[in-house]
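Taken in order, the sequence shown gives residues 1020 to 1201; the numbers are from the working numbering.
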Amino acid sequence: MTNLSYRQAMLIKHTAWMNTRLLARGPRPEDERYVPLAVRMLTLVGCLNYAMLDLESELTASGLFHHETKRRYTQAQTLVSQAHGVAWSMLRKIDDRAARQYNDKTDEAYRTISGCILLEAPQRSYNIVLSLCRIISSLNGRISGRYDFNPAKPLVRIPALLECIGIEDCKIDGIIELNLID
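Here it is in structure tokens:
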């Protein structure tokens, strides 16, 4: 026998009943406009993970990957890895096909981003990282309710973390957004 009171049992029953109703009806019409924004934001989180890896290799090749830069880069990479890991596991819980589609869409989007930015290394990867952080933050601010992706909120700190590298921010946000039109 459990130690639940009658009120607790009724609350559990009502919550379960409401959840089945919400799942059955799907997204509300006013929420459907958030779905493309959420998909784009999750795709850009995956692209940010790739851009961070490119940034590390380009900084190392150019000799700019010193102690302070490594420390701050590691902090930024941790934030990106956490957000990307949550996005991946969230989609994986839906089904394996959704996770594979996420990977494919991320690969395609990052190829597009890399192809449209004509800066030299390491300025290229640095500017891609900063721009993706700003775009993700902007998209997350436009999304509300159950589509809000909380793990992406700390990504706004990355530009300040990477400021010590000393590379100019060319603000290529518009170029990236223009080339990623669906």
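Just so you know, even glycine gets a beta-carbon here, dropped at the ideal spot from N, CA and C.
Check, Outcome
"Three or more C-beta pairs below 8 angstroms linking the segment 1147-1164 and the segment 1105-1120", "no"
"Inter-residue Cα distance where the pair is Gly1082 and Pro1048", "52 angstroms"
"Rounded C-alpha distance that separates Ala1080 from Asp1050", "45 angstroms"
"6 angstroms Cβ shell around Ala1140 - same chain, five flanking residues per side excluded", "Glu1077"
"Beta-carbon contacts of Arg1111 that lie in its chain and below 7 angstroms, excluding the five residues immediately before and after", "Ala1118"
"Where Asp1126 sits in the DSSP three-state scheme", "helix"
"Status (buried if at least 16 other CB within 10 Å, exposed otherwise) for Glu1182", "exposed"
"Ala1102 and Val1064 closer than 8 angstroms at C-beta", "yes"
"Start-to-end residues for the alpha helix (DSSP H) that takes in Tyr1053", "1053-1081"
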